[in-house]
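**Student:**
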Amino acid sequence: MLDSVLLFLGAQEIILIVLALLLLFGGRKIPELMRGMGRGIREFKEGQKETPKEELEENK
């Protein structure tokens, strides 16, 4: 679904989205938001890797 949405976004739309983000959050806040999102994604991926191991130990 996300891939199909990205296909319809052109350069003008992406620039408009970036400008809207700058207006809403300001230039200083955006790097903090991106870092937080990166950490969240990393933790989610680590959690996915650990889940099967824990389930196997619990089922024994």
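For the sequence shown, counting from 1, position 16 maps to 26 in the numbering used here; every step adds exactly one. Beta carbons are placed, not taken as given, at the ideal position from N, Cα and C, and that holds for glycine.
1) Would you report the Cα separation of Met-47 and Ile-40, rounded to the nearest angstrom?
2) Would you tell me roughly how many angstroms separate the C-alpha atoms of Ala-21 and Ile-27, rounded to the nearest one?
3) Is any beta-carbon of chain C found at less than 8 Å from that of Ile-40?
4) Quick check: what's the CA-CA separation for Ala-30 versus Gln-58?
5) Grouping DSSP H, G and I as helix and E and B as strand, with all else coil, what is Leu-19?
**Tutor:** Considering the structure as presented:
1) Straight-line Cα distance between these residues: approximately 10 Å.
2) 10 Å
3) This model lacks chain C altogether; it includes just one protein chain.
4) 33 Å
5) coil
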